[in-house]
Amino acid sequence: GAVVSQHPSWVICKSGTSVKIECRSLDFQATTMFWYRQFPKQSLMLMATSNEGSKATYEQGVEKDKFLINHASLTLSTLTVTSAHPEDSSFYICSAIHPSGRYEQYFGPGTRLTVT
Amino acid sequence: QKEVEQNSGPLSVPEGAIASLNCTYSDRGSQSFFWYRQYSGKSPELIMSIYSNGDKEDGRFTAQLNKASQYVSLLIRDSQPSDSATYLCAGLEGIQGAQKLVFGQGTRLTINP
C-alpha cells in the first residue's frame, strides 16, 4: 500500500508555455499533499502544501501565481508551472500523507521538467 | 526556521559492516522523525519512522531517537552495495493541521564491495 504516482515522469517544454503535473494517491485518500522541487545535488525544497478543497499554502519565496496548485479530490493534486522559463527546469516531486495517523509521507516518482 | 542537521558525507562503509547515519534537530517540540532513502535521480523512499525514545528495528535497519539530546540515528546492519544512496533525515514540525517535514541536507552513503 501507500503508492503515489506522478504524470508525466518527464517533460520538455518551450520557454513561455505552461506545464501541468499530476499527482495521484493510488491506494489511499490524502487530504494533504505536498509539492517539492529538487535541484541536482541539493536537498528537497518544499514549495507548497496542498489541502483538498482549499487553497494551497505556499512557502516563502514561492510565487503562487507562477506555480498553480489544485487539489480537487482526495486522490489528485495538480501543479501547473505557468510561463515556464529555463530556470524552472528542475525535478518536481509530490508527496501525500497516509491517513494512518502517524504522519507518514509517501513520495511520487517525480517529474523532470526541462524548459528550453 | 527550525533545522535538521546531517553530515553530508560521503560516508564510505565496507560491505557487510554497520553503517551509522546521524542527525540532530533544533525544535524540541518535534515528536516524529523519519528516514528516507534516495537513489540518484529518483524520489525519496520512506524506510523508517520513529516517534518515541529508544530503538526501533525493522529488518537490517534500526532507528534510534534521543529526545533529550535531540538526536536521531539510523543503523544499517550487514550493509550491501544496494544500500548506497543518500539518506535523508526529517522531523515533523508545526501545529496540528499545518504540519510539515523539515529535511536535513542528506548523507551520501557508499558501500564498498
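Protein chains in written order, with the numbering used here: chain G, 131 to 246; chain Y, 94 to 206.
Glycine included, each C-beta is placed from N, C-alpha and C at the ideal position.
To test your reading of the DSSP string, which unbroken alpha helix (DSSP H) runs of 4 or more residues are found completely within the region 210 to 240 of chain G?
DSSP runs (the alpha helix (DSSP H)) wholly in the region 210 to 240 of chain G: none.
Closer than 7 Å between beta carbons: that is the criterion. Which residues of the region 223 to 236 of chain G meet it against chain Y?
Only those residues of the region 223 to 236 of chain G whose C-beta falls short of 7 Å from the nearest C-beta of chain Y are listed: Ile223, Arg232, Tyr233, Glu234, Gln235, Tyr236.
Distance between G/Lys171 and Y/Ala112 (C-alpha atoms, nearest Å):
In the second sequence, counting from the first residue as 1, residue 112 of chain Y sits at position 19. In the first sequence, counting from the first residue as 1, residue 171 of chain G sits at position 41. Cα-Cα distance, rounded: 21 Å.
If you compare alpha carbons, which of Y/Leu168, Y/Gly134, Y/Ser162 is closest to Y/Lys149?
Within the second sequence, numbered from 1, the residue matching residue 149 of chain Y stands at position 56. Y/Lys149 has its Cα closest to that of Y/Leu168, out of Y/Leu168, Y/Gly134, Y/Ser162.
Please say whether Y/Glu138 and Y/Thr117 have beta carbons closer to each other than 7 Å?
In the second sequence, the residue the question calls residue 117 of chain Y occupies position 24. In the second sequence, the residue the question calls residue 138 of chain Y occupies position 45. The Cβ atoms of Y/Thr117 and Y/Glu138 lie no closer than 7 Å to each other.
Please confirm if Y/Ser142 has its CB atom under 7 Å from at least one CB of chain G.
Reading the second sequence from its first residue, position 49 is the one you call residue 142 of chain Y. For Y/Ser142, a Cβ of chain G is located within less than 7 Å of the residue's own Cβ.
Quick check: what's the CA-CA separation for G/Met177 versus Y/Ala161?
Taking the first residue of the first sequence as position 1, residue 177 of chain G is located at position 47. Taking the first residue of the second sequence as position 1, residue 161 of chain Y is located at position 68. The straight-line gap separating the alpha-carbon atoms of G/Met177 and Y/Ala161 is approximately 31 Å.
What's the C-alpha gap between G/Thr187 and G/Ala226?
Reading the first sequence from its first residue, position 57 is the one you call residue 187 of chain G. Reading the first sequence from its first residue, position 96 is the one you call residue 226 of chain G. Taking the CA atoms as reference points, G/Thr187 sits about 15 Å from G/Ala226.
Any heavy atom of the ligand SAH closer than 6 Å to the Cβ of G/Pro138?
As for the ligand SAH, it is missing from this structure, which has no ligand bound.
Using 7 Å as the limit for Cβ to Cβ distance, is Y/Ser125 near chain G?
On the second sequence, residue 125 of chain Y is found 32 positions in, with the first residue counted as 1. So yes, Y/Ser125 belongs to the interface.
Span of the beta strand (DSSP E) holding Y/Lys193?
Position 100 of the second sequence, counted from the start, is the residue given in the question as residue 193 of chain Y. Per DSSP, the continuous beta strand (DSSP E) segment holding Y/Lys193 begins and ends at 193 to 196.
Below-7 Å beta-carbon distance, Y/Gly199 vs any chain G residue
What you label residue 199 of chain Y is simply residue 106 of the second sequence in a count that begins at 1. So yes, Y/Gly199 belongs to the interface.
Candidates Y/Gln157, Y/Arg153, Y/Gly102, Y/Tyr180: closest to Y/Asn146 by CA position
Here the question's residue 146 of chain Y lines up with position 53 in the second sequence. Put simply, of Y/Gln157, Y/Arg153, Y/Gly102, Y/Tyr180 the residue whose alpha carbon is nearest the alpha carbon of Y/Asn146 is Y/Gln157.
In angstroms with no decimal places, state the Cα-to-Cα distance between Y/Asp176 and Y/Ser136.
By 1-based counting over the second sequence, the position of residue 176 of chain Y is 83. By 1-based counting over the second sequence, the position of residue 136 of chain Y is 43. If you draw a straight line from the Cα of Y/Asp176 to the Cα of Y/Ser136, it comes to about 15 Å.
Can we say the region 182 to 193 of chain Y touches the region 100 to 111 of chain Y, given the rule of at least three CB pairs closer than 8 Å?
In short, these stretches do not touch, since the Cβ pair count stays below three.
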